[in-house]
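A short write-up of the structure that comes next.
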Amino acid sequence: MNYIENVYICIAAPILVAILAMSGAGSPSGGNKTLAIDRGNRRRVMVFLLIGMTICLLSSYISTFLALILEADRQEATWEITPLVEEVMKFLPILFYILVFEPDNREESAVNIMAVAVGFATLENVCYLTANGAADILLLGVRGFGTGVMHVVCGEIVYIGFVFLWNEFWLRFAGIAGLISLSATYHAIYNILVAQDGVTAWIGYLIPMLTAVFMLHLRRRLRIAREKSSS
Amino acid sequence: MIESIDNYIQLAILGICSGATLYKAITKQRRSWVLVTLFYVAFFFGSLYWELFYMFKGDTPAKFYVAEFSWYVSYLFLFLFLKYQKDPDTPAPRCRIKWLIPVFAGGLSIYYITFGQIVSNITSAILMSLVGMEAVKGLASGNRRMKHVYIVTLIFFFLEYLLWTSSCLFEDGSVLNPYYYIDILISIVLFVLLLYAQKALRDEVTE
Numbered sequence: 000m001n002y003i004e005n006v007y008i009c010i011a012a013p014i015l016v017a018i019l020a021m022s023g024a025g026s027p028s029g030g031n032k033t034l035a036i037d038r039g040n041r042r043r044v045m046v047f048l049l050i051g052m053t054i055c056l057l058s059s060y061i062s063t064f065l066a067l068i069l070e071a072d073r074q075e076a077t078w079e080i081t082p083l084v085e086e087v088m089k090f091l092p093i094l095f096y097i098l099v100f101e102p103d104n105r106e107e108s109a110v111n112i113m114a115v116a117v118g119f120a121t122l123e124n125v126c127y128l129t130a131n132g133a134a135d136i137l138l139l140g141v142r143g144f145g146t147g148v149m150h151v152v153c154g155e156i157v158y159i160g161f162v163f164l165w166n167e168f169w170l171r172f173a174g175i176a177g178l179i180s181l182s183a184t185y186h187a188i189y190n191i192l193v194a195q196d197g198v199t200a201w202i203g204y205l206i207p208m209l210t211a212v213f214m215l216h217l218r219r220r221l222r223i224a225r226e227k228s229s230s
Numbered sequence: 000m001i002e003s004i005d006n007y008i009q010l011a012i013l014g015i016c017s018g019a020t021l022y023k024a025i026t027k028q029r030r031s032w033v034l035v036t037l038f039y040v041a042f043f044f045g046s047l048y049w050e051l052f053y054m055f056k057g058d059t060p061a062k063f064y065v066a067e068f069s070w071y072v073s074y075l076f077l078f079l080f081l082k083y084q085k086d087p088d089t090p091a092p093r094c095r096i097k098w099l100i101p102v103f104a105g106g107l108s109i110y111y112i113t114f115g116q117i118v119s120n121i122t123s124a125i126l127m128s129l130v131g132m133e134a135v136k137g138l139a140s141g142n143r144r145m146k147h148v149y150i151v152t153l154i155f156f157f158l159e160y161l162l163w164t165s166s167c168l169f170e171d172g173s174v175l176n177p178y179y180y181i182d183i184l185i186s187i188v189l190f191v192l193l194l195y196a197q198k199a200l201r202d203e204v205t206e
């Protein structure tokens, strides 16, 4: 039996304490505005990390509920229901942040997506660890990287929308909704592959890592192009 | 056997198209190329998911619409690509014939709904209507640069409906089932669409 709530409390508690501690020290009393902004950014990343873990917890409830409603077995739930639920849920806090706080910098929203993805992957990995034991270090390492990177890559897929499709209203919403669906399919393909044995599972674990390297290259190219156009 | 051959041909063509458009999107860094890439990648992901599911489970996905969502998203990106290719200087002409597209798509979706999957059929009818209407509007606008893209998009539109209709009429998995040949034809049309899109986007730069 895997008590996801207990695991959540254990990991979330220190992060919550850190967020509270940062908020106490964040007042720009001395007039050092840069330091205050920097501290605010760090705190925001921590908040989104915690939100990512919370979303992981809520997603497991919703996926279980939908699996019961649709009478899906464990495999069907993992391959068909969980990916879409998780990707939609991961985007909801970002959507809330964009609509309520209206950030000026879209790069900021992209960083938040990553923080949510990392928080989500962390709780998922710890739950996997408590359910399956920590004996096989190689498998744990590959799984840890594979799943962690997969969630980050799914976040990066949505990030494309913030870079290329942000300027026009309808393009922004239709494009990002489309990208969430795309990341859900990517997630589902990963889930199918890693559920197999042997080489197929290894291919599944490798795909997100290769995609992440490619995304890193893409981001570097984008940054260089942006710097060129601004100078 | 024929189903696997059909799927592999489609995956190969979509993989090539996705890779080619991705390369263009990275090197050109233009929104048009990003939208074309997303169209192909979404279509590719949907087909890949479907094939993997079928390969490892021996059945088609039935509980949730992951592959379908991906295909619908590809229609959405195709629509967005066509929508943002309009010539801003040319005023949009009145084009009543475009309304035949939703009538056609709606009528057929009612027929498909008799086989089940109400939400899925309505969603595909709406998105395909948007794609078809945009293509007809584009043709009526006289946008010469995009003319062939609009024509190939309309061919894709009608082939998709022919494919879905054939899946309702012929259910056997034999070699004689026209469904597989129409699906292969769609793969070829998608490749042709890439060639014309590439030409249109190249001309966009030179104009």
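Read top to bottom, the protein sequences are chains A and B. Numbering-wise, numbering that gives the first Met the number 0 puts 133 at position 134 of the first sequence, and it's gapless, one number per residue. Numbering-wise, numbering that gives the first Met the number 0 puts 136 at position 137 of the second sequence, and it's gapless, one number per residue. Even glycine gets a Cβ: it sits at the ideal position worked out from N, Cα and C. Please read these numbers as outputs of a predicted model, since none were measured by experiment.
With fewer than 16 other CB atoms across the displayed protein chains lying within 10 angstroms of its CB, B:Glu170 is exposed.
Excluding sequence positions up to five before and after B:Leu200, its CB lies within less than 6 Å of the CB of Ser31, all in the same chain and listed in chain order. Neighbours of A:Leu98 in chain B, taken as residues whose beta carbon is under 7 Å from its own, are absent, since the nearest beta carbon is some 21 Å off. Pairwise C-beta distances place the region 59 to 79 of chain B out of contact with the region 11 to 28 of chain B, as fewer than three of them are shorter than 8 Å. C-alpha of B:Phe155 to C-alpha of B:Ser186: approximately 9 Å in a straight line.
A:Pro82 carries a helical assignment under DSSP once its states are collapsed to helix, strand and coil. B:Tyr53 and B:Phe42 have their C-alpha atoms some 17 Å from each other. Restricting attention to alpha helix (DSSP H) runs no shorter than 4 residues, the region 102 to 178 of chain B encloses them at 117 to 140, 146 to 168, ordered along the chain. Remark: C-beta atoms of A:Glu79 and B:Lys56 do not approach each other more closely than 8 Å.
Within the same chain, and ignoring the five residues on either side of B:Ile96 in sequence, the residues whose Cβ sits closer than 8 Å to its Cβ are Val135, Ala139. A:Tyr7 is positioned such that its CB atom lies closer than 8 Å to that of A:Leu122. Here A:Gln195 carries a coil assignment [DSSP, helix/strand/coil]. If one requires a minimum length of 4 residues, the alpha helix (DSSP H) runs lying completely within the region 89 to 154 of chain A are 105 to 131, in chain order. Residues of chain A with a Cβ closer than 8 Å to the Cβ of B:Ala41 are, in chain order, Gly177, Ser180, Leu181, Thr184. Ranking A:Ile50, A:Ile3, A:Glu86 by CA distance to the CA of A:Tyr158 puts A:Glu86 first. A check of alpha carbon separations from B:Tyr149 across B:Tyr83, B:Leu51, B:Glu50, B:Ala19 identifies B:Tyr83 as the nearest. If the five residues before and after A:Thr81 are omitted, its C-beta is found closer than 6 Å to the C-beta atoms of Ser62, all from its own chain and listed in chain order. At least one C-beta of chain A is nearer than 8 Å to the C-beta of B:Ser69. In this structure the region 180 to 193 of chain A does not touch the region 211 to 229 of chain A; the number of beta carbon pairs closer than 8 Å is below three. Residue burial is scored here from C-beta neighbours: A:Lys89 has at least 16 other C-beta atoms within 10 angstroms and is therefore classed as buried. For B:Gln9, the uninterrupted alpha helix (DSSP H) segment begins and ends at 1 to 27. Non-local C-beta neighbours of A:Pro102 in its own chain, meaning closer than 8 Å and more than five positions away in sequence, comprise Tyr96, Ser108, ordered along the chain. Contact with chain B is absent for A:Pro207, since none of that chain's Cβ atoms lies less than 8 Å from the residue's Cβ. Going by C-alpha positions, A:Trp169 is about 15 Å away from B:Leu126. Listed along the chain, the chain A residues whose CB falls inside 7 Å of the CB of B:Ile25 are Leu217, Arg220. Residue-level contact by beta carbon fails for A:Leu67 and chain B, as no gap is shorter than 8 Å. For B:Trp49, the enclosing alpha helix (DSSP H) begins and ends at 30 to 56.
Sequence-distant Cβ neighbours of A:Thr210 in its own chain, meaning closer than 7 Å and more than five residues away, are Val152. For the region 90 to 109 of chain B, the set of positions with a beta-carbon nearer than 9 Å to some beta-carbon of chain A is empty.
Chain-ordered, the chain B residues with CB closer than 8 Å to the CB of A:Ile191 read Tyr48, Leu51, Phe52, Phe55.
By alpha-carbon distance to A:Gly143, the top candidate from A:Tyr204, A:Phe163, A:Cys55 is A:Tyr204. A:Glu79 has a beta carbon lying within less than 8 Å of a beta carbon in chain B. Here DSSP, grouped into helix, strand and coil, assigns A:Asn40 to helix. Neighbourhood of A:Pro92 in chain B, by CB distance below 7 Å: empty, with the nearest CB roughly 21 Å away. When the beta-carbon positions are compared, A:Leu49 and A:Ala11 come within less than 8 Å of each other. The straight-line gap separating the alpha-carbon atoms of A:Leu138 and B:Asp202 is approximately 51 Å.
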